[in-house]
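A short worksheet on the structure shown next.
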Amino acid sequence: MRKILASAVAATASFASAAAYAAQPVEWQTTFQPAATGIMEQITWFERYTLWFIVPITLFVLFLLAYCIWRFRASANPVPSRTSHNTLIEVVWTVGPVVILLFLAIPSFQLLTAQYSPVEEPKLTIKATGNQWNWDYEYQTEEPLSFNAAMLSEKPEERKAAGKEDRGAYPRLLAVDNEVVVPVGQVVRVLVTASDVIHAFAMPAFGIKVDAVPGRINETWFKADKEGLYYGQCSELCGKDHAYMPIAIRVVSDAQYTTWLAAARTDLPGANKALMAETDGAAKVAAAGN
Ligand SMILES: [Cu+2]
């Protein structure tokens, strides 16, 4: 009994520590991941808003179908109607959808415009290059920093060496060896391209998804409002290991970012570990305090 209790407590604790890293898929998830940017909040709002149209329309059509099947069944209606035209109905089913589509189109275009308009001039630009099957990142800062990020190995000794044994924070198929690190509350411009075939750079909690096309640079941006570790995946089928090239972005405080950036230029693994000690430690303390 004590053992069960202890494992329950451990499970709750690990869940709480995982919950600090809110933005990753959870089992049986049917909704979006919690929004970490204003854009994703707008996307989430728009999705719920459109449901207010989709659900009633579907129910209405279902009702009409059921009613017609019942009301005009052969036994109750032996002589079929020969009506082929009704002007009022034509007007209603033309004007009605037009009005409904206007209600959908206006917020849709507003959202599209917002996605293409960074709220301020980005101070940080990161270039992401998709390869079969990992990502290269290049910080276009005064002294450039570039590194490769590949999926974390599942070998226990390699997880241990990376200090990433906590599968809540570093899940299978999503965790990477080197996360992208960005400061919280700042607009980050992302330039997206590819070296071989088409990939796509996607981060659900940020509401961004951009094709990575060889020979072409696409641009997007995000402004993360909450610190944490966020997971995304390549979202364009790119070959046999398409499912194994995740994207991980660690959003940290301004000071933590500055320290990491300075250290990462000479010792990336060391800088990552120092950052992990700070952020993961803080998350565990917060979980324990709750
Ligand atoms: Cu892919």
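The sequence shown lines up with residues -22 to -1, 1 to 268 when you count with mature numbering (1 follows the signal peptide of the UniProt record, and there is no 0).
No residue lacks a Cβ here, since even glycine has one placed at the ideal position from N, Cα and C.
Could you check where the beta strand (DSSP E) with residue i kicks off and where it finishes?
i    : result
I227 : 224 to 230
Y115 : 112 to 117
P161 : 158 to 161
G217 : No beta strand (DSSP E) holds G217; DSSP gives it neither H nor E.
N55  : Premise fails: N55 is in no beta strand (DSSP E) and is neither H nor E.
V191 : Premise fails: V191 is in no beta strand (DSSP E) and is neither H nor E.
K201 : 196 to 201
M129 : Per DSSP, M129 belongs to no beta strand (DSSP E) and is neither H nor E.
V165 : 165 to 172
I176 : No beta strand (DSSP E) holds I176; DSSP gives it neither H nor E.
T107 : 102 to 109
G210 : 206 to 211
If you follow the alpha helix (DSSP H) that residue i is part of, which residue opens it and which one closes it?
i    : result
M18  : 16 to 49
V70  : 65 to 93
R137 : 134 to 140
Between the options, which has its C-alpha nearest residue i's C-alpha?
i           : options                : result
residue 315 : E121, G210, V73, L37   : Beyond the ends of the chain as shown, which are -22 and 268, falls residue 315; an answer cannot be given.
K133        : P96, Q2, L246, K142    : K142
S131        : Y148, P247, I176       : Y148
P122        : T15, D189, L102        : L102
C212        : M129, P247, V39        : M129
W23         : A52, A221, W71, S86    : S86
P96         : F38, R194, W199        : W199
A140        : E19, P247, I176        : P247
A190        : P182, A183, H177       : H177
A221        : Q234, T257, N112       : N112
T15         : Y27, L66, Q164, I78    : Q164
T171        : I195, P161, F184       : I195
M223        : L253, E197, L152       : L152
G206        : E256, K138, E214, D114 : E256
H63         : L90, W71, A242         : W71
L90         : Q20, E99, E98          : Q20
Should residue i be counted as a contact of ligand 1 given a C-beta to heavy atom distance under 7 Å?
i    : result
M223 : yes
L152 : no
H63  : no
L215 : yes
C212 : yes
Note down the Cα distance separating residue i from residue j, rounded to an integer number of angstroms.
i      : j    : result
A202   : A180 : 14 Å
K251   : C216 : 31 Å
V168   : T61  : 59 Å
A(-5)  : R150 : In this prediction, A(-5) scores a pLDDT of 42, lower than 50, which makes its location untrustworthy; no coordinate-derived value is stated.
G74    : F31  : 12 Å
D155   : D232 : 22 Å
V166   : L239 : 15 Å
Q7     : A1   : 12 Å
I47    : P34  : 20 Å
S173   : Q110 : 8 Å
E5     : V230 : 26 Å
A(-7)  : K204 : With a pLDDT of 41 at A(-7), under the threshold of 50, the modelled position of that residue is not reliable, and the figure given next carries that caveat. Going from the Cα of A(-7) to the Cα of K204 covers about 17 Å.
R228   : A249 : 13 Å
E136   : Q93  : 39 Å
Q11    : I17  : 13 Å
A(-10) : D258 : Its pLDDT being 42, under 50, A(-10) is placed unreliably by the model, and the measurement read from it follows with that caveat. Cα to Cα, A(-10) sits roughly 14 Å from D258.
V188   : G108 : 11 Å
T237   : T28  : 44 Å
V175   : P192 : 6 Å
S(-16) : A106 : The predicted position of S(-16) is uncertain, since its pLDDT is 49 and thus under 50; no value can be drawn from it.
A241   : Y235 : 10 Å
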